[in-house]
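Worksheet for the structure shown next.
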Amino acid sequence: MTLYADLMYILCMTKALVLTPSEREFFKTVAQAAFANPFSPARIELDRKIAGTDACIPWNDLVELAITRIVEHLAGLRLSGRDNLSQYGADDRELLRTVFLFDIYHRYRQTFDDFILKQMSAGDTIIPVPFAKELLSAISALGLDESGCHRYLGIFYQIRRAFYFIETALTGLSDSMHGLRLQLWNNIFTCNINWYEQHLWNRMEDFSTLLLGETGTGKGAAAAAIGRSGFIPFDGRNGRFSESFTRNFIPINLSQYPESLLESELFGHKKGAFTGAIENHEGIFSRCTPHGSIFLDEIGDVSVPVQIKLLQVIQERTFTPVGSHERQRFQGRVIAATNRPLDDLRRAGQFRDDFYYRLCSDIIVVPPLRQRIQEEPRELEALIGSILKRMVGEEAASHARLVRESLSRDLGPHYAWPGNVRELEQAVRRIIISRHYRGDTAASTSSDPTDRLLAGIESGSMDAQQLMAEYCGLLYRRFGTYEDVARTTGLDRRTVKKHVLLTGEKGVA
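Written as structure tokens, this is what we have:
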């Protein structure tokens, strides 16, 4: 009898722990959320399911509710003595490890945010990570070895930087801005962060990015969000990350250099390579860190010979400084941007197809401001608030009303914002100085009514009355009399005259 009891005891003690069906379903939802893009509608629905609510509440509040429920479920496992992952079968063990990692990351969100701000203040000086030992201990308790713990610390840091820079640098409530933030996240972590953390976290240099969009839309901000969010390894010996993210992003405006100097800025040069080369010079490809990114702005403006040399760098990952025969290795990632129509340039032979295909691992279109406002009328107000906060800090609200009223009075609701967000930033500054902003008349108006009409149709910035007025103005230019315009449009003469005068035409007949 004693032997039987002992055997039963041993069997009970060695039996693997299992999750109940309801626990497994809940934790599977949490794991899906852990791997979901935080800017995606799918993530919001998963957070709702975890939080157990259908209420329409702000996303940050929804996340807090979801985290609270996750903590409660994990506490239940601990209280019942079922939190030892090694006692679970393989599937449940991996599921719970994902959930515990998700919980650890969220416990350290604010700590990472504070660290990001401190590193920004310190610039290129690498600062210690005071919370690393505590966080690594929490990860290690999940059964990961030292290498795995360091990798997850680096991934947590990367995830938090990506969220911080995408969320803060790309303000907007419109559908197109929601889509842009989603695309930027996927650009950094791919469409499945599980793939990324398993296979691609140290291989993203092979994925180049091409940003397209009009001037002033924010392509530089989008590029910076990508470039400052690359993976940076943790150096356990020094208790620091291997480099500062402030060094991870190196931008260059290619159009500001004459071609004779551009190659030197890109690839560097040796002393004596040309007249004026009095010392060795490191180009941006030399200065790029192994985990960094190069931002080639205005890529559509470079000549074909320069395109060929850039193609070689991206393709072979090597380059040669001007005046040198020594090949150097480039280990970073390439981000490029242009406001020019690359399809037209390619057809004209001004932009090489092979270069284009090397740049376009991912193509992201940054939307124009007029599209954003058309999608979401509150977009302008949100941007004004963000711009003022950067300018004057917490006192932004006291200036916002003045700016909104001035723009409404001076420009009206249908201004096309040809300079996009960059123009809006200058408009805010001008209103603070003078209380007025009259708009960019050189860019937004044209002496040709055909151009005005087509621009209005293309941008979607005109209402029905404006479209009719521009069309009548176009016909008046052609026919010269109100009567002829009236016959063509089916309107009466008085209505035609009213529309023509609205366009600024000097009607006489």
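Just so you know, our numbering puts 493 at position 498 of the sequence shown, and the rest follows in order with no gaps.
No residue lacks a Cβ here, since even glycine has one placed at the ideal position from N, Cα and C.
- In this structure, DSSP gives F229 an extended state, which the three-state scheme calls strand.
- Taken in chain order, the complete beta strand (DSSP E) segments of 3 or more residues contained in the region 114 to 145 number zero; there are none.
- The beta carbon of R353 is closer than 7 Å to those of S203, L306, I309 and Q310 in its chain, skipping five residues each way along the sequence.
- Taking 8 Å as the upper bound for CB-CB distance, A391 and L383 are in contact here, some 4 Å apart.
- For A11, same chain residues with a beta-carbon under 7 Å away, outside a window of 5 residues either side, are Q82, Y83 and G84 in chain order.
- Distances from the CA of G143 to each of A117, L112 and E192 were compared; the closest alpha carbon is that of E192.
- When N197, A216, G149 and T210 are compared, the shortest CA-CA separation from P285 is found for N197.
- Going by beta carbons, E200 and G327 fall inside the 8 Å limit.
- For G76, the number of other beta carbons within 10 angstroms of its own is below 16, and it is reported as exposed.
- Taken through DSSP and simplified to helix, strand or coil, Q323 comes out as strand.
- The C-alpha of V491 lies about 23 Å from the C-alpha of G407.
- DSSP places N187 outside both helix and strand once states are collapsed to three, so it counts as coil.
- Pairwise C-beta distances place the region 119 to 126 in contact with the region 229 to 243, as three or more of them are shorter than 8 Å.
- One alpha carbon belongs to H68, the other to F160, and they sit about 31 Å apart.
- In the DSSP assignment, D357 forms a beta bridge with T204.
- DSSP, read as helix, strand or coil, puts D292 in strand.
- Around R43, the same chain offers no residue with a beta carbon nearer than 6 Å, after the five sequence neighbours per side are excluded.
- Here the region 106 to 122 makes no contact with the region 167 to 182; the two share fewer than three CB pairs at distances below 8 Å.
- Of the residues L57, S35 and N248, the one whose Cα lies closest to the Cα of I330 is N248.
- Secondary structure at F158: helix, using DSSP grouped into helix, strand and coil.
- Distance between G225 and R242, taken at the CA atoms: about 11 Å.
- Collapsing the DSSP output to three states places F95 in a helix.
- The continuous alpha helix (DSSP H) containing N415 extends over residues N415 to S429.
- Taken through DSSP and simplified to helix, strand or coil, T313 comes out as strand.
- With contacts defined by Cβ atoms closer than 8 Å, F107 and Y152 form a contacting pair.
- In this structure Q366 is buried. Its beta-carbon is surrounded by 16 or more other beta-carbon atoms within 10 angstroms.
- As the crow flies, the alpha-carbon of F240 is around 17 Å from that of W180.
- Between A29 and F97 the beta-carbon gap is near 4 Å, inside 8 Å, which marks them as a contact.
- Boundaries for R198: no beta strand (DSSP E) harbours it, and the DSSP string shows neither H nor E there.
- Counting every other CB atom within 10 Å of its CB across the protein chains shown gives A464 a total of 16 or more, marking it as buried.
- Every alpha helix (DSSP H) of 4 residues or more that sits fully in the region 27 to 84 is shown, in chain order, as 36 to 46 and 54 to 74.
- Here the region 312 to 320 does not lie against the region 211 to 222, with fewer than 3 beta-carbon pairs under 8 Å apart.
- Relative to the Cα of G380, the nearest Cα in the group I52, D487, A395 and I368 belongs to A395.
- DSSP places T24 within a helical segment (H, G or I) once states are collapsed to three.
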